[in-house]
Amino acid sequence: MRPLHAGAPGPFLAAWTLEPLATLGLAAAAIGYAACLRAARARGRPPAARAHVAAFYAGIAAAAVALLGPLDAFNDDSLAVHMLQHLALTQVAAPLIVLGRPLHAAVRGLPPAVVAATLRATVGRRSIRTALDVLSHPLAVFGLSAGALAAWHWPPAYAAALTDARLHVAEHATFLGTALWFWWVIVDPIPRRHRASPHAAIAVCFATAAVGDILGALLALSRDVVYAPYRAARPPWGLDPLADQHLAGWIMWLGGALYFAAMVAIAARAAAGTAEGGSVAVRGGAGGRADPPPRAGERVAPARGSGQPPAVSG
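In case it helps, this note's numbering puts the sequence shown at residues 504 to 817.
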């Protein structure tokens with residue numbers, strides 16, 4: 504990262520760097536994913552869906568644009584560019600990477616002994632399972648995501664991240680890490696019981712979008728430059744610092760639309776699942792046979808999140 508306001512790094516679209524940490528991390532993720540896919544094919548396992556592979560590499564590409572391209576090179580000079588960088592990380596790169604199902608690829612591609620040992624050392628321990636249960640609760644997911652967003656946009660913290668390269672890396676790592684966890688719980692976690700219910704997922708998306716909208720409105724409506732380091736900045740395209748901040752606020756506010764798109768997708772998936780479930784019940788199951796009814800006295804556990812007590816037949 505160059506020093507704050509060290510001068511424009513050249514034409515906007517040509518401002519690309521090979522920042523070592525980000526470059527190595529993204530390259531390792533891309534190569535590791537490809538290696539797992541290749542190993543799974545070598546073991547005769549069904550290939551990963553092309554849509555999943557495309558989503559993963561699109562997410563890696565989006566992260567590269569955010570961390571290695573103009574959005575990173577100009578984020579010291581423009582709050583609006585910095586907001587675009589954060590949106591690219593949290594609302595484009597993170598969900599696409601999760602949609603690529605990298606954990607599925609790892610489980611299918613790594614040697615079975617390695618997978619078994621890893622599972623025993625992690626989810627095989629009650630303390631870790633308990634921690635996963637707590638951290639994957641919708642309230643915890645919202646708290647982590649919204650907390651990171653609000654904490655780093657607190658003016659002293661934001662200013663510190665702009666003037667300290669290590670804090671800036673920590674800021675981006677926090678945003679990307681909490682975003683990956685957010686979308687992992689909502690989209691496709693392992694074990695699958697950690698997936699939020701459709702109602703909870705929609706509520707979490709709405710609440711998280713609201714936090715971003717509030718912060719964006721504060722920036723867009725402020726009459727003063729909120730973050731001290733940007734008062735002396737030279738934003739591109741001839742904007743003054745206050746106009747650049749107002750643009751950043753609108754970018755942040757409109758970025759909430761991506762969460763609403765996710766809400767629509769979640770609702771559509773839930774509706775499709777409900778319709779398919781009803782159809783399967785009428786047909787007697789996917790294989791043409793209905794599941795046998797529970798035996799007398801057998802306790803039947805309800806679906807997770809149903810809020811209903813177990814029913815006892817007979």
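Backbone N, C-alpha and C fix where the C-beta goes; we use that ideal spot for every residue, glycine too.
Nearest neighbour of A720 by Cα position, chosen from A703, G741, G759 and L683, turns out to be G759.
Judged by their CB atoms, A703 and F763 are not nearer to each other than the 8 Å cut-off. Within the same chain, V714 and L718 come within 8 Å of A653 by CB-CB distance, once the 5 residues on both sides are set aside. The beta-carbon distance between P658 and V729, rounded to whole angstroms, is 6 Å. This is short enough to meet the 8 Å contact definition.
R734 counts as exposed, since fewer than 16 other beta carbons sit within 10 angstroms of its beta carbon. Put simply, the segment 582-600 does not touch the segment 619-629. Fewer than three CB pairs are less than 8 Å apart.
Secondary structure at P523: helix, using DSSP grouped into helix, strand and coil. For F678, the enclosing alpha helix (DSSP H) starts and ends at A668 to V690.
Leaving aside the five residues that flank V568 on each side, the residues in its chain whose CB is nearer than 7 Å to its CB run, in chain order, L574 and A591. In the structure shown, T777 adopts helical secondary structure according to DSSP, grouped into three states. Close CB contacts of M755 within its chain, under the 7 Å cut and outside five residues either way in sequence, are with M586, G715, L718, G719 and L722 (chain order). Closest in alpha carbon position to S648, among H671, T677, G776 and A596, is T677. A straight-line Cα-Cα distance of about 10 Å links R772 and M766. Distance between A551 and V618, taken at the CA atoms: about 18 Å.
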